[in-house]
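The structure is reproduced here in structure tokens:
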């Protein structure tokens, strides 16, 4: 991976994505004892950073691949992101979703012109369903987080953050499947001035923390966390990047996630999903370590069910 | 009132307030059938447009008045706004609040250095309490909405909107005590290109609608609306401005307020209070009238109790 790969990615996707705002809050600075810069990917198209990686992945397709379409499996933001990204350049998207996925998410995918393939709600069934679509249609499989083009795309959020604030000492990011923190770590390495990347992860799905300890990809026996975007595990493409470039991962309790989410809603007056709050929760848990520093915090998305809030 | 009064107000308060962002949403445009520009006063200091008028009022004080302080009665955003405005220039603030005001609001006022005087929770008691403070301390009384400096200050939100989008055909504003819509109407008159101002008001507190019909200030027998910022009635200073410069007032049902608030939260990914949603609710109720137009919508504030949401 080189600096140029990220620069090329940024140039490629810029026409299709929002440059999201960076918000600050005197009160949150006072609470953290540091100077915080919140990168607001909740304002990204379709409401999450996933649009960046999805857009980069579809733009990397060959002309021949474009005629056959793309396929992924996701019940979350990547389903919408890949569908919208594909629609932007006139490519067909097949999305494998669990049969029990919320109607509102299915509607959103269909609204962007995606074709939904239902599968049973377990990892093996969804992978088999995606493989079947690949075989039958020739569509190109794009993984939500373990794909190099996706990882590079997600890294552009941190690139923008560092363009505006080159002297950040740290960037905090949530850790889910590893796409966002992997890209963030690459961006910080190539464009930061000794900028360290810290991951936030729920204790209830701490596979990445354990993976860094054991040196191999660990999985979660169960994932009972309200940060539903962070239940997935790392992959063989992003794990080496994370091992090399991420400084550490801080685990947080569910109550800390809820408290951080409430702080963001109340003080920044913006809607972020629970997964987004995990980065701030991690910082606040260990705030003595980061006192007085300039710190970027990536708020990953804002797609929440308002009828089912944790407070 | 002259154009120069608004320009002088803007110049005076600019160092103390945020120039708030203006957000747009393709999806909300599609729902409304018009091109909408949301002026986000939820991102204003202390979370509401009230900071503008309060700041202008304290900056208009004479040096002698400044030494004696200011007093108001408010259980809502103006209490915090006046306290913070006064603190900015080293002036003492006395705030009459109902004894049953939420602890969080009292704490916010004290946090900005305000002195709280508790009164019984009815209009006569609070006015008497404020008059007592005036007599005992010599503090200058500033009304939350029926004060010319306050009205001019509130008008600067629409001035900013029209600076960025001079060709707006309409600006929608909520109607409470009349300070915001009065200032907005002045700004649209002096700085718009035939820009009309429309008020949104709950059916459950439709005193302004009835006042425009009868030609005299009407009150509300009861005010059972979740738009708690709009329960107050007009005053003798803002009513003539509203009669002269506001095009019409559209009343909305409580269910329409909740639906508009949910749309703003879900689509713009920002926190606004129920009163803010009344302007969009009014537009959506009569959207056939405004089809294809460029429309400013003032989102008045974002101070909500997350433990007590209507959805």
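Chains as they are written, first to last, in full-length UniProt numbering: chain A, 1 to 311; chain B, 1 to 311. Note that beta-carbon positions come from the ideal geometry of N, C-alpha and C, so glycine has one too.
| Asked | Found |
| --- | --- |
| Cα-Cα separation between residue 3(B) and residue 97(A), rounded to whole angstroms | 58 angstroms |
| Other residues of its chain near residue 245(A): CB distance less than 6 angstroms, five sequence neighbours each side excluded | 185, 189 |
| Residue nearest to residue 100(A) in terms of C-alpha spacing, selected from 132(A), 129(A), 217(A), 121(A) | 121(A) |
| Cβ neighbour criterion (16 or more within 10 Å) applied to residue 11(B) | exposed |
| CB contact below 8 angstroms: residue 257(B) versus chain A | no |
| Under 9 angstroms by beta carbon: chain A residues contacting residue 271(B) | 265, 266, 268, 269, 270, 271 |
| 8 angstroms Cβ cutoff, residue 183(B) in contact with chain A | no |
| Alpha carbon of residue 137(A) to alpha carbon of residue 67(A), nearest angstrom | 10 angstroms |
| Chain A contact for residue 302(B) (CB, 8 angstroms cutoff) | yes |
| Stretch-stretch touch, CB-based, cutoff 8 angstroms, three pairs: the stretch 165-176 of chain B with the stretch 191-204 of chain B | yes |
| Interface flag, residue 262(A) vs chain B, CB-CB below 8 angstroms | yes |
| Residue range of the unbroken alpha helix (DSSP H) whose run includes residue 269(A) | Residue 269(A) -> no alpha helix (DSSP H), and no H or E assigned at all. |
| C-alpha distance - residue 53(A) paired with residue 151(A), whole-angstrom precision | 6 angstroms |
| Chain B within 8 angstroms of residue 307(A), Cβ atoms only | yes |
| Three-state class that DSSP yields for residue 197(B) in the structure shown | strand |
| Touch test, the stretch 269-284 of chain B against the stretch 217-237 of chain B, Cβ-Cβ under 8 angstroms, three pairs minimum | yes |
| Local conformation of residue 307(A) per DSSP, three classes | coil |
| Residues, ordered as in the chain, of the stretch 23-48 of chain A that lie near chain B by beta-carbon distance below 7 angstroms | 42, 43, 47 |
| According to DSSP, residues forming a beta bridge with residue 39(B) | 22(B), 298(B) |
| Cβ pair count under 8 angstroms reaching 3, the stretch 295-305 of chain A against the stretch 139-146 of chain B | no |
| Nearest to residue 311(B) (by Cα), restricted to the options 283(B), 260(B), 286(B), 291(B) | 260(B) |
| Sub-8 angstroms separation of residue 235(A) and residue 187(A) beta-carbons | no |
| N-terminal and C-terminal residue of the beta strand (DSSP E) that residue 73(B) is part of | 70-73 |
| Chain A within 8 angstroms of residue 311(B), Cβ atoms only | yes |
| Distance between residue 181(A) and residue 318(A) (C-alpha atoms, nearest Å) | Outside the shown range of chain A, which is 1 to 311, sits residue 318(A), and nothing can be said about it. |
| Backbone secondary structure at residue 112(B) - three-state DSSP | coil |
| Beta carbon of residue 270(A) nearer than 8 angstroms to that of residue 42(A) | yes |
| Residue 93(A), DSSP secondary structure in three states | strand |
| Anticipated Cβ contact below 8 angstroms, residue 146(A) with residue 178(A), distance rounded | 7 angstroms |
| Assumed close pair residue 225(A), residue 256(A) - CB separation to whole angstroms, cut-off 8 angstroms | Rounded, the Cβ-Cβ distance is 11 angstroms, inconsistent with contact. |
| For residue 118(A), three-class secondary structure by DSSP | strand |
| Residue 170(B) - containing beta strand (DSSP E), residue span | 170-174 |
| Pairwise C-alpha distance: residue 268(B) and residue 283(B) | 17 angstroms |
| Residue 247(A) - containing alpha helix (DSSP H), residue span | Unbroken run through residue 247(A) is the beta strand (DSSP E), 246-252; no alpha helix (DSSP H). |
| CA-to-CA distance, residue 166(B) to residue 127(A), given in whole angstroms | 53 angstroms |
| Same chain only: Cβ atoms within 7 angstroms of residue 80(A), ignoring 5 sequence neighbours per side | 46, 108, 109, 112 |
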